[in-house]
Ligand code: FES
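In the working numbering, the protein residues as written are 4 to 153.
If you want it as C-alpha cells, here you go:
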C-alpha cells in the first residue's frame, strides 16, 4: 500500500482514468450518445454505456452494485422531465438517485460520484459535455475507495 493510500489521499495523478458507468435510457440519452458518436464529437472513452429501456428501471441496488464492481463514477441519463416514454420513469429515477447519493455519502464513497442528467435524443453535444464534466469531476475526486482498498 502506498503512503497516499494509507493516508486515504485520492490519487489525482494525471494517469488516473476513471471508470464511469452510464445507465442510458433507450429513447433519449442512448440515442444522444449515438448521435455524439455519429457527429464525431470528442468525449472521454472511459464511459461505459449500459442501455436500459427507461431510467425508471434503475434500482438503487444496480447503482450500488456498479460501485461494488469497480466504477469510480456512475451516471444515470434519461429523457427530459415530461418526455419519459413510460410517463414518470425519470422522476422515479431522480428520487432513487437522490436516495443513493445519500447512501454513498453515509458510507464514505461520496454522493458526488453519482449524477443524473436529462436530455433529448437530439442532444449529442450535451451528452459529450456531460461525459467530459463527469470525467473531470471523478478525476478530481480520485479513484473510488472501493478500488483503492481504502
Ligand atoms: Fe427515457 Fe423513461 S423512457 S427516461
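Every residue gets a Cβ at the ideal spot worked out from N, C-alpha and C, and that includes glycine.
Hey, residue 23 and residue 138 are a contact pair by Cβ (cut 8 Å); roughly how many whole angstroms apart? As a working note, residue 23 is residue 20 in the chain shown. As a working note, residue 138 is residue 135 in the chain shown. Sure, about 6 Å apart at Cβ, within 8 Å.
With DSSP as the reference, label residue 63 as helix, strand or coil. Within the chain shown, the letter at position 60 stands for residue 63. In this structure, residue 63 counts as helix in the three-state DSSP scheme.
So what does DSSP say about residue 78, is it helix, strand or coil? Reading the chain shown from its first residue, position 75 is the one you call residue 78. In the structure shown, residue 78 sits in a strand (DSSP, three-state: E or B).
My output table needs one value for residue 137: the three-state DSSP class, helix, strand or coil. In the chain shown, the residue the question calls residue 137 occupies position 134. In this structure, residue 137 counts as helix in the three-state DSSP scheme.
Given 6 Å as the limit, tell me if residue 30 has its C-beta closer than that to any heavy atom belonging to the ligand FES. By one-based count along the chain shown, residue 30 stands at place 27. Yes, since a heavy atom of the ligand FES falls inside the 6 Å radius drawn around the Cβ of residue 30.
Would you call residue 41 buried or exposed, if buried means 16 or more other Cβ atoms sit within 10 Å of its Cβ? Mapped onto the chain shown, residue 41 falls at position 38. Exposed: under 16 other Cβ atoms inside 10 Å.
Any beta-carbon of chain D closer than 7 Å to the one on residue 55? Here chain D cannot be found, since the structure has a single protein chain.
State the beta-bridge partners of residue 105 as determined by DSSP. Position 102 of the chain shown, counting from 1, holds the residue named residue 105. Residue 105 is not bridged to any residue.
Just tell me which of 145, 148 and 122 has its CA closest to the CA of residue 38. Along the chain shown, one-based indexing puts residue 38 at 35. Answer by Cα proximity: 122.
Alpha helix (DSSP H) segment containing residue 38, residue limits: Here residue 38 refers to the residue found at position 35 when the chain shown is read from its first residue. Segment 32 to 41, the alpha helix (DSSP H) holding residue 38.
Between the alpha carbons of residue 67 and residue 43, how many angstroms are there, rounded? Looking up residue 67 in the chain shown gives position 64. Looking up residue 43 in the chain shown gives position 40. Approximately 32 Å, taken between the alpha carbons.
Does the ligand FES have even one heavy atom less than 6 Å from the beta-carbon of residue 138? Translated into the one-based positions of the chain shown, residue 138 becomes position 135. The answer is no for residue 138.
Where residue 58 and residue 93 are concerned, what is the direct C-alpha to C-alpha distance, given to the nearest angstrom? Here the question's residue 58 lines up with position 55 in the chain shown. Here the question's residue 93 lines up with position 90 in the chain shown. When rounded, the distance between both Cα atoms is 5 Å.
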